[in-house]
Amino acid sequence: DTEVTQTPKHLVMGMTNKKSLKCEQHMGHRAMYWYKQKAKKPPELMFVYSYEKLSINESVPSRFSPECPNSSLLNLHLHALQPEDSALYLCASSRGEGNEQFFGPGTRLTVL
Amino acid sequence: GEDVEQSLFLSVREGDSSVINCTYTDSSSTYLYWYKQEPGAGLQLLTYIFSNMDMKQDQRLTVLLNKKDKHLSLRIADTQTGDSAIYFCAEAYNQGGKLIFGQGTELSVKP
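Going down the list, the protein sequences come from chains L and C. Read in order, the letters of the first sequence are residues 1 to 112 in this note's numbering. Read in order, the letters of the second sequence are residues 1 to 111 in this note's numbering.
Shown next as structure tokens:
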């Protein structure tokens with residue numbers, strides 16, 4: 001298995017909802033990442049997990065809460081989001097922090 | 001601070017070569033990457049080059065690195081309509097897990 005999978009593909013939520021994005025890889029990678037991407041813009045790094053520990057938090061608002069339950073899974077818990085949080089959320093993984101990153105297809109999030 | 005710059009648009013005819021350019025600022029970067037993103041999709045890693053190399057070729061793709069000028073280019077030979085996409089160059093900031101992306105070059109291939 002040489003891919004990163006993400007669910008759901010699309011998500012529409014209200015500002016009071018709680019939802020979660022999921023990311024999975026079975027390549028034995030020990031670093032996993034969350035990025036946010038607005039249309040026609042480059043991805044912006046949100047979080048990095050290395051060996052299941054949070055390594056980088058790019059000053060992301062607390063309404064985004066990452067979780068790494070094991071080396072294959074990465075979640076992003078969402079609560080009380082704002083319409084400006086609508087974006088494509090991309091997950092990536094790499095052998096280790098600093099190695100080439102492989103991206104999933106993303107979750108298209110719309111906040112109403 | 002770290003910065004990566006690319007031109008925003010490139011239009012070529014099918015069968016021609018495309019050259020996408022990128023400049024970066026972090027001289028400590030060990031790896032430089034090229035990613036391709038088709039509409040509505042995630043990023044696909046196309047190729048990467050280690051900073052001690054000048055050139056890397058992989059089928060239709062040729063990467064050139066001028067470390068002195070901090071200039072990176074991606075040449076696509078025999079460009080096809082399926083190559084139409086946004087191409088991002090990226091450097092690994094401070095040799096760690098943070099990638100610094102350019103703004104992306106939108107490649108349009110006309111039949």
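The beta carbon of each residue, even a glycine, is placed where N, CA and C say it ideally should be.
| Check | Outcome |
| --- | --- |
| Taking C-alpha atoms, which residue in THR5/L, MET13/L, CYS23/L, LEU54/L lies nearest to PRO83/L? | MET13/L |
| Nearest to GLU52/L by CA position, among GLU97/L, TYR89/L, MET15/L, VAL60/L, is which residue? | GLU97/L |
| Below 7 Å on C-beta distance, what does ALA92/C contact in chain L? | GLY98 |
| Below 9 Å between beta carbons: does that hold for LEU90/L and GLN37/L? | yes |
| Just to make sure I have the definition right: I need the residues of chain C whose C-beta is within less than 7 Å of the C-beta of PRO105/L. Which are they? | ALA41, GLY42 |
| Checking the sheet assignment: what are the DSSP bridge partners for THR110/L? | VAL12/L |
| Would you mind giving the Cβ-Cβ distance between THR105/C and TYR87/C, rounded to the nearest angstrom? I have them listed as a contact below 8 Å. | 5 Å |
| Could you say which of GLN44/C, LEU10/C, SER51/C lies nearest to VAL109/C if we only look at CA atoms? | LEU10/C |
| Please go through the same chain and pick out, in chain order, the residues whose beta-carbon is closer than 7 Å to the beta-carbon of ASP16/C, but skip the five residues on each side of it. | THR79 |
| Quick one: which chain L residues come within Cβ less than 9 Å of TYR31/C? | GLY98, ASN99, GLU100 |
| List in chain order: all unbroken beta strand (DSSP E) runs of 3+ residues lying wholly within the stretch 73–112 of chain L. | 73–79, 87–94, 107–111 |
| Could you work out which residue in ILE49/C, ASP26/C, MET55/C is closest to ILE70/C when comparing CA atoms only? | According to the sequence provided, residue 70/C is Lys. The question's Ile does not apply to it. The shortest Cα separation from LYS70/C among ILE49/C, ASP26/C, MET55/C belongs to ASP26/C. |
| Judging by CA-CA distance, which residue of TYR33/L, SER20/L, LEU109/L, ARG95/L is the nearest neighbour of ASN117/L? | The question about residue 117/L has no answer here: the residues shown for chain L are numbered 1 through 112. |
| Smallest Cα separation from TYR35/C: which of SER28/C, LYS68/C, ARG13/C, SER73/C? | SER73/C |
| Please list, in chain order, the chain C residues whose beta carbon lies closer than 8 Å to that of PRO182/L. | Absent from the structure is residue 182/L, since the part of chain L shown begins at 1 and ends at 112. |
| Using the beta-carbon of each residue, which ones in chain C are nearer than 9 Å to ALA31/L? | GLY97 |
| Which chain C residues sit within Cβ distance under 8 Å of VAL12/L? | By Cβ distance, chain C contributes nothing, its closest Cβ being about 16 Å from VAL12/L, past 8 Å. |
| Might you give, ordered along the chain, the residues of its own chain that have their beta carbon closer than 8 Å to the beta carbon of GLU100/L, omitting 5 neighbours on each side? | SER94 |
| Quick one: give me the first and last residue of the beta strand (DSSP E) that HIS71/C is part of. | 71–76 |
| Heavy atom of the ligand ADP less than 8 Å from the Cβ of SER18/C, yes or no? | The ligand ADP is absent from the structure shown, which contains no ligands of any kind. |
| Considering only residues of the stretch 6–50 of chain L, which uninterrupted beta strand (DSSP E) runs meet the minimum length of 3 residues and lie entirely inside it, listed in chain order? | 10–13, 18–25, 31–37, 44–50 |
| Within a Cβ cutoff of 8 Å, which residues of the same chain sit near SER55/L, ignoring the five residues on either side of it in sequence? | ALA31, VAL48, TYR49, GLU97 |
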